[in-house]
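Asker: In terms of my numbering, the sequence shown has 1218 at position 47, counting the first letter as 1, and numbering is strictly consecutive.
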Amino acid sequence: MLEGVCWPFSLPTPADRPLVAALAMALPPAAPAYILRGHGSQVHTTAFIRSNSRLVTGDADGWIVLWSLAIKRPVAVWKAHEGSILGASAWGDEKLIT
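Next comes the structure, spelled out in structure tokens:
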């Protein structure tokens, strides 16, 4: 039990599962607000950097794409590794580590 937490609603019980499933199926699927196209293979990692103004994505072919979220376009693209990119993160203010 979470002490000191006040829920504005009660959590579903096992008896509520059919109702919860029916409600979830009645809703239309979420539509994306934007689609960022820049990778030729599956994206394996994403990370927001620089106070959420940039997005770093890495794919299965070793490519990194640095996106500007203000314009929703890539600002840099490079081949970082010969294999898959498994993670990316900011390293200081001006560097990335993959």
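Even for Gly, the Cβ is constructed at its ideal location relative to N, Cα and C.
(1) Quickly, what does DSSP pair Lys1250 with across the bridge? List them, please.
(2) Measure the beta-carbon distance from Thr1228 to Gly1258 and round it to whole angstroms, keeping in mind my assumption that it falls under 8 Å.
(3) Could you tell me whether the Cβ atoms of Val1268 and Ile1235 are closer together than 8 Å?
(4) For Asp1230, count neighbouring Cβ atoms within 10 angstroms of its own Cβ and tell me buried if that reaches 16, exposed if not.
(5) Quick one, which of Asp1187, Lys1243, Gly1233, Arg1244 has its alpha-carbon nearest Gly1254's?
Answerer: If we stick to the structure as given:
(1) In the sequence shown, the residue the question calls residue 1250 occupies position 79. Bridge partners of Lys1250: Trp1234.
(2) Along the sequence shown, one-based indexing puts residue 1228 at 57. Along the sequence shown, one-based indexing puts residue 1258 at 87. Cβ-Cβ separation between Thr1228 and Gly1258: approximately 11 Å, too far for a contact (criterion under 8 Å).
(3) The sequence position of residue 1268 within the sequence shown is 97, counting from 1. The sequence position of residue 1235 within the sequence shown is 64, counting from 1. A small fix is needed here, since residue 1268 is Ile in this sequence, not Val. Result no, Cβ atoms of Ile1268 and Ile1235 do not sit closer than 8 Å.
(4) Counting from one through the sequence shown, the residue named residue 1230 turns up at place 59. With 16 or more other Cβ atoms within 10 Å, it is buried.
(5) Locating residue 1254 in the sequence shown gives position 83, where the first residue counts as 1. The shortest C-alpha separation from Gly1254 is found at Gly1233.
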